[in-house]
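Input: a single structure, listed below in C-alpha cells.
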Amino acid sequence: MLPKTGDILETDFEIHQIPSKTFRIHEKTLSGYIDGKEAVCQAIYCTLNTERYDWLIYNWNYGVELKDLFGKPMGVVKSKIKKRIKEALMQDDRILGVDAFSFEEFGRKLSVTFTVHTQYGDIGATKEVNV
Numbered sequence: 011m012l013p014k015t016g017d018i019l020e021t022d023f024e025i026h027q028i029p030s031k032t033f034r035i036h037e038k039t040l041s042g043y044i045d046g047k048e049a050v051c052q053a054i055y056c057t058l059n060t061e062r063y064d065w066l067i068y069n070w071n072y073g074v075e076l077k078d079l080f081g082k083p084m085g086v087v088k089s090k091i092k093k094r095i096k097e098a099l100m101q102d103d104r105i106l107g108v109d110a111f112s113f114e115e116f117g118r119k120l121s122v123t124f125t126v127h128t129q130y131g132d133i134g135a136t137k138e139v140n141v
C-alpha cells in the first residue's frame, strides 16, 4: 500500500524577489547604499574583477576565469572570453542576457566591450585583459 502524499506535494508557495540594495563602493570605501540599475553595475564590476576559485570567501559561482588565458593565442582568448564573461554574469538573477561583444587589440591587451541586459535596463560594459 502506498502512502498518501498528495497534500504535501501540492502545497502552494510564493517566490519573493530579493531586493538588490547593497553598499556603495566608492574609491575603496563604503559610502551609503545603492539599489536597482546602479547596484547591478557595481555587481558586474565586482564579478569581472574577481578571479573565480581564488578567494575562499566567495562561492565557486562568483567571479570570472581569466587567469589561465594569459599567454594563449589571441584567437583562442577571443573565443573563450566571450563564453566566460557570459557564464560569470548569468549567475546573477537580475541579469537576463549578455551579447553584442566586440574586441579591440592593443598589443598583448584585449579590450572586450559588450551589453548586459538586466531587469532594470541595458548596461554597456568593458573588460580589459592582458594576454
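Going letter by letter, the sequence shown gives residues 11 to 141 in this note's numbering. Quick reminder that beta carbons are idealized off the backbone N, C-alpha and C, glycines included. Every value quoted in this text rests on a predicted model; they were computed, and no experiment measured them.
{"Check": "Runs of beta strand (DSSP E) lying entirely within the stretch 26–110, each at least 3 residues, in chain order", "Outcome": "32–36 and 39–44"}
{"Check": "Pick from Glu61, Lys77, Gly85 and Asp78 that is closest to Asn71, judged by C-alpha positions", "Outcome": "Glu61"}
{"Check": "Option nearest Asp102 by Cα separation, candidates Lys38, Leu58, Phe116 and Glu37", "Outcome": "Leu58"}
{"Check": "Close beta carbons around Lys54, own chain, < 7 Å, minus the five adjacent residues each side", "Outcome": "A small fix is needed here, since residue 54 is Ile in this sequence, not Lys. Within the same chain, Ile54 has close Cβ partners Leu99, Val126, Ile133 and Ala135."}
{"Check": "Other residues of its chain near Leu79: CB distance less than 7 Å, five sequence neighbours each side excluded", "Outcome": "Val87, Lys90, Ile91, Val139 and Val141"}
{"Check": "Assumed close pair Thr128, Val50 - CB separation to whole angstroms, cut-off 8 Å", "Outcome": "5 Å"}
{"Check": "Counterpart residues of Glu138 in DSSP-defined beta bridges", "Outcome": "Ser121"}
{"Check": "Reduced DSSP secondary structure (H/G/I, E/B, other) of Glu114", "Outcome": "strand"}
{"Check": "Under 8 Å between C-beta atoms of Gly117 and Lys47", "Outcome": "no"}
{"Check": "Spatial distance of Pro83 from Lys77 (CA atoms)", "Outcome": "14 Å"}
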